[in-house]
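Reviewing the structure listed below.
2 protein chains.
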Amino acid sequence: MTRATLKDVAAHAGVSHQTVSNVLNGHPSIRPATRERVLSSISALDYHPNQAAKALREARVTTLCFASFGHDPDTLSDPYRNLIQAALTAEANAHGYSLATAFLDHGAASLEDLRQRYLQRVIGGAVIIGTQLRAAQWERITSWGLNVVLLDHLLPAPAHTVSADYRGGMAALVAHHVSRGRRDLALVLPTGDYGSTAMMRRDAFFEAAQACGVRARHVDGDWTYAAGERAVRELHAAGDLPDALLGGNDRMATGALSAAHRLGLSVPGDLAVSGFDDFDFVQYLHPTLTTVRVPHAEMAREAMRHLIALTGGEAPQAPAPYPVSLIVRDSA
Amino acid sequence: MTRATLKDVAAHAGVSHQTVSNVLNGHPSIRPATRERVLSSISALDYHPNQAAKALREARVTTLCFASFGHDPDTLSDPYRNLIQAALTAEANAHGYSLATAFLDHGAASLEDLRQRYLQRVIGGAVIIGTQLRAAQWERITSWGLNVVLLDHLLPAPAHTVSADYRGGMAALVAHHVSRGRRDLALVLPTGDYGSTAMMRRDAFFEAAQACGVRARHVDGDWTYAAGERAVRELHAAGDLPDALLGGNDRMATGALSAAHRLGLSVPGDLAVSGFDDFDFVQYLHPTLTTVRVPHAEMAREAMRHLIALTGGEAPQAPAPYPVSLIVRDSA
DNA sequence: ATGAAAGCGCTAACAT
DNA sequence: ATGTTAGCGCTTTCAT
């Protein structure tokens, strides 16, 4: 079945193809009668504009990209990604853009792939989840000229970033643990590259703990369930278990809970455990998880709006960090 | 910065633009010397073909679509979606296609959106997760002429489906529960529409239970954590708790575990709990979850290969159901 | 083995 | 208010 083109509609309505185009693009100075005739021809022929032709002629790209890290199933299946993807897709579609996906890693090939898609006009911009992005990679990407908005990353302008008030969230969390009598806090987070919010949260953690006069330590962990479990097991094996373990995300907190169960530790009796994100499933853990809620979906929508503005040549204002909130449940 | 076109490369190499095109598309009858010259011009000018122009001229679409259900965070954040999306993306990119995403629901708008994208030549085909697809929706989609491959759905040809051996998996699972002394099994699954694998698994469940001579019942649940929790709570409230609860997926099993904890039931002592999927996080539940592993990623790759073949005008053979395997852990 | 001409479906610029 | 001409960047067809 060969689909109708502008010309077919024009012939059917007895006007020039340009008039049809004008009607479609809402141009002024079209006689109502003509407009009516064109519109009825359009629906009679079930005409739909060819986006490829439009894109070529207008020299603009109608696909944007969502890039995130993770090849292993554990990282891939982080609910975080899904929520963000859904929000980005909805926002992009609402503005007439399609959203493609890219999965990055720390090798050269995945970045090269993204660059190819940019140079071939397949994608016009990208929202990148920054949590695992390394400084060198960021520099490469910016050197291409691709419009990029970073989620969960904090870099000075001219970078475009959307982030949450992790500093405030961490301060509230530490205060909560201390108010419950905890005096020896361990935070599991990746070491973090320049601009990473992990770095910022770690700093906020130490500041807050120091202000409260309690012991604070940092344990390295790469966001996975396994990392949370390992952290607790190693601290326990070293005979230096803290009285509160702060997971840098809900997955690591889940792993920590699991390790506590296996070691026969009671939570929160022997060890308080908290997370960061507030994903759905943490209400179904045992015990239910105390965590910091981060408005990932709203942040993603803002990032997409920002990207679309950039793509349209605007210079949108940097959004303020999004407020987070402490959700107290049973684990801490 | 304006990017190089075929003409620019041609001028730089001192040949016609057509010759450059021939070199790029690996046409025969190009003198090695010419070819060399063209290639060096290409890299000198950092030329990259414009996909929009190519797509227009070749009248083909280079973007495929991944469509799945779910607007609520619980469904959205099912790890299932992520694993499948990553596999589909990798396979699509490997074949030179981009992958867009669509989120469907049971309203008319989301399907209309998909249809628009098809008619506007934005997407050339789709892989759809069938678990929540209704018969009426499926009929609408097929009426368009869009190439579609269904994941986790079972419809007779000419539908294209990729599925797993759920029947065999269910039989093995029931046999396992019975071998551990269970005599009263409850399965939580949606009621399921025509072609849904939920329907097939439910049938297999009753057949297997009957063959073993044990009691079997079906409880309605919509794949969410909340549904699993509700199932256990309601059975318990009714004073007719089974001795094994089979979650139709890992999320519902997780919810069931949570309910058991809150009701003070020991697992697997008072109640055995099993899942279906084998996602990463079920190893971190307490107790660890006995489940049936489904090779979602491999199935997704096969679905994408199938779709790409369809898009290329081939008539690929229907793949056999993928084998599943019982993973015994602590919960059953 | 290479070049010239035509046109995919659309919009921008100009003419009427 | 509408029609005509030109061309986005590429590939297909046909000449040379």
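Heads up: the protein sequence lines correspond to chains A and B, in order.
With full-length UniProt numbering, the residue at position 258 of the first sequence is 258, and numbering never jumps.
With full-length UniProt numbering, the residue at position 323 of the second sequence is 323, and numbering never jumps.
Even glycine gets a Cβ: it sits at the ideal position worked out from N, Cα and C.
Can you round the beta-carbon distance between Ala13(A) and Tyr47(A) to whole angstroms, since I take them to be within the 8 Å contact cut?
-> Counting from one through the first sequence, the residue named residue 13(A) turns up at place 13. Counting from one through the first sequence, the residue named residue 47(A) turns up at place 47. About 10 Å separates the two Cβ atoms, so there is no contact after all.
By Cβ distance, which residues of its chain are closer than 7 Å to Arg305(B), with the 5 residues on each side in sequence left out?
-> Locating residue 305(B) in the second sequence gives position 305, where the first residue counts as 1. If we look at Arg305(B) and ignore the five residues flanking it on each side, its Cβ neighbours are Glu91.
Chain-ordered neighbours of Tyr225(B) on chain A, where CB pairs are closer than 8 Å | To locate residue 225(B), count along the second sequence from 1; it is residue 225. Per Cβ cutoff of 8 Å: Asp280, Phe281, Gln283 and Tyr284.
Option in Thr224(A), Thr34(A), His218(A) and Asp280(A) with minimal Cα separation from Asp72(B) | Counting from one through the second sequence, the residue named residue 72(B) turns up at place 72. Minimum Cα distance to Asp72(B) is reached at Asp280(A).
Taking Gly269(B) as the reference, which of Gln317(B), Leu245(B) and Ala126(B) has the closest Cα?
-> Taking the second sequence and counting its residues from 1, one reaches residue 269(B) at position 269. Out of Gln317(B), Leu245(B) and Ala126(B), Leu245(B) has the C-alpha closest to the C-alpha of Gly269(B).
Could you give the distance in angstroms between the alpha-carbon of Asp152(B) and the alpha-carbon of Ala164(B)?
-> Walking along the second sequence from the start, residue 152(B) turns up at place 152. Walking along the second sequence from the start, residue 164(B) turns up at place 164. Roughly 7 Å separates the two Cα atoms.
Listing by chain order, which chain B residues have their CB less than 8 Å from the CB of Gln276(A)?
-> Taking the first sequence and counting its residues from 1, one reaches residue 276(A) at position 276. In the sequence as displayed, the identity of residue 276(A) is Phe instead of Gln. In chain order: nothing, as chain B lies at least about 16 Å away.
Taking just the CA atoms, how far does Trp138(A) sit from Arg81(B)?
-> Position 81 of the second sequence, counted from the start, is the residue given in the question as residue 81(B). Position 138 of the first sequence, counted from the start, is the residue given in the question as residue 138(A). When rounded, the distance between both Cα atoms is 28 Å.
If you scan the segment 116 to 145 of chain B from start to end, which runs of the beta strand (DSSP E) of 3 or more residues do you find wholly inside it?
-> Within the segment 116 to 145 of chain B, the complete beta strand (DSSP E) runs of at least 3 residues fall at 126 to 129.
Cβ neighbours of Pro295(A) in the same chain (closer than 8 Å, five flanking residues each side left out) = By one-based count along the first sequence, residue 295(A) stands at place 295. Excluding residues within five positions, the ones whose Cβ falls inside 8 Å are Ala164, Tyr322, Pro323 and Val324.
So what's Tyr284(B) in DSSP terms, helix, strand or just coil?
-> For this step, residue 284(B) is matched to residue 284 along the second sequence. If DSSP states are grouped into helix, strand and coil, Tyr284(B) belongs with the helices.
Can you name the start and end residues of the alpha helix (DSSP H) that Phe205(A) belongs to?
-> Indexing the first sequence from 1 puts residue 205(A) at position 205. Element bounds for Phe205(A): Thr197 to Cys212.
Buried versus exposed, by CB contacts within 10 Å (16 or more), Asn50(B) | Position 50 of the second sequence, counting from 1, holds the residue named residue 50(B). So Asn50(B) ends up on the buried side.
Would Ser331(A) be called buried (16 or more neighbouring beta carbons within 10 Å of its own) or exposed?
-> Here residue 331(A) corresponds to residue number 331 of the first sequence, with the count starting at 1. Ser331(A) should be labelled buried.
Put His177(A) into one of helix, strand or coil per three-state DSSP.
-> To locate residue 177(A), count along the first sequence from 1; it is residue 177. Of the three classes helix, strand and coil, the one that applies to His177(A) here is helix, per DSSP.
Contact list for Phe103(A) against chain B, beta-carbon separation under 8 Å | Taking the first residue of the first sequence as position 1, residue 103(A) is located at position 103. Within 8 Å Cβ-Cβ: Ala86, Thr89 and Ala90.
CB contact flag (Arg215(B), Asp184(B), <7 Å) | In the second sequence, residue 215(B) corresponds to position 215, counting from 1. In the second sequence, residue 184(B) corresponds to position 184, counting from 1. Cβ distance < 7 Å, so Arg215(B) and Asp184(B) count as in contact.
Rounded Cβ spacing between Asp78(B) and Arg251(B) (contact assumed at less than 8 Å) = For this step, residue 78(B) is matched to residue 78 along the second sequence. For this step, residue 251(B) is matched to residue 251 along the second sequence. With a Cβ gap of about 6 Å, Asp78(B) and Arg251(B) count as contacting.
Can you tell me whether DSSP reads Ala216(B) as helix, strand or coil?
-> Sequence index remark: in the second sequence, residue 216(B) carries index 216 (1-based). DSSP places Ala216(B) in strand when its eight states are reduced to three.
If you follow the beta strand (DSSP E) that Gly247(B) is part of, which residue opens it and which one closes it?
-> The residue labelled residue 247(B) in the question sits at position 247 within the second sequence. Looking at the DSSP string, the run of the beta strand (DSSP E) that includes Gly247(B) is Ala244 to Gly247.
Can you tell which of Pro242(B), Val178(B), Ala109(B) and Val149(B) has its C-alpha closest to the C-alpha of Ala94(A)?
-> For this step, residue 94(A) is matched to residue 94 along the first sequence. Looking at the Cα atoms, Ala109(B) is the closest of the given residues.
Which term fits Ala227(A), buried or exposed, when burial requires 16 or more other beta carbons within 10 angstroms of its beta carbon?
-> By 1-based counting over the first sequence, the position of residue 227(A) is 227. Classified as buried, Ala227(A) has 16 or more neighbouring CB atoms from the shown chains inside 10 Å of its CB.
Around the C-beta of Arg201(A), are 16 or more other C-beta atoms found within 10 angstroms, so that it is buried, or is it exposed?
-> As a position in the first sequence, residue 201(A) is number 201, starting the count at 1. Classification for Arg201(A): buried.
Touching by the beta-carbon criterion (3+ pairs, under 8 Å), the segment 98 to 115 of chain B and the segment 58 to 69 of chain B = yes
In the DSSP assignment, what residue or residues form a beta bridge with Ala186(B)?
-> Translated into the one-based positions of the second sequence, residue 186(B) becomes position 186. Answer is Arg217(B) and Leu245(B).
Leaving out five residues on either side along the sequence, give the residues of the same chain with a beta carbon under 7 Å from the beta carbon of Met170(A).
-> Counting from one through the first sequence, the residue named residue 170(A) turns up at place 170. Result list for Met170(A): Arg201, Ala204, Phe205 and Ala208, in chain order.
CA-to-CA distance, Ala135(B) to Glu112(B), given in whole angstroms | On the second sequence, residue 112(B) is found 112 positions in, with the first residue counted as 1. On the second sequence, residue 135(B) is found 135 positions in, with the first residue counted as 1. Their backbone Cα atoms lie some 16 Å apart in a straight line.
Classify Thr290(B) as helix, strand or coil using the three-state DSSP reduction.
-> In the second sequence, the residue the question calls residue 290(B) occupies position 290. It is a strand residue.
Gln132(B) CB to nearest chain A CB: under 7 Å?
-> Here the question's residue 132(B) lines up with position 132 in the second sequence. Not an interface residue.
Contact under 7 Å by Cβ, Pro287(A) with Val267(A) | For the purposes of this step, residue 287(A) is taken as the residue at position 287 of the first sequence. For the purposes of this step, residue 267(A) is taken as the residue at position 267 of the first sequence. Result yes, Cβ atoms of Pro287(A) and Val267(A) sit closer than 7 Å.
Pick helix, strand or coil for Leu64(A), following the three-state DSSP scheme.
-> Along the first sequence, one-based indexing puts residue 64(A) at 64. Reduced to three states, the DSSP call for Leu64(A) is strand.
Partners in chain A for Gly255(B), counting only beta-carbon separations shorter than 7 Å = Working through the second sequence from its first residue, we reach residue 255(B) at position 255. Residues of chain A passing the Cβ test: Tyr284.
Measure the C-alpha to C-alpha separation of Arg167(B) and Arg180(B) and round it to an integer number of angstroms.
-> To locate residue 167(B), count along the second sequence from 1; it is residue 167. To locate residue 180(B), count along the second sequence from 1; it is residue 180. Between Arg167(B) and Arg180(B), the C-alpha separation is close to 20 Å.
Can you have a look at Asn25(B) and say buried or exposed, based on whether 16 or more other CB atoms are within 10 angstroms of its CB?
-> For the purposes of this step, residue 25(B) is taken as the residue at position 25 of the second sequence. By the neighbour-count rule (16 or more Cβ atoms within 10 Å), Asn25(B) is not buried but exposed.
Taking any Cβ of chain A, which residues in the segment 64 to 86 of chain B have a Cβ under 7 Å from it, in chain order?
-> Pro73, Asp74, Leu76, Ser77, Pro79, Arg81, Asn82, Leu83, Gln85 and Ala86
Counting only the same chain and skipping the five closest in sequence on each side, list residues whose C-beta sits under 8 Å from that of Glu298(B).
-> As a position in the second sequence, residue 298(B) is number 298, starting the count at 1. Ala87 and Tyr322.
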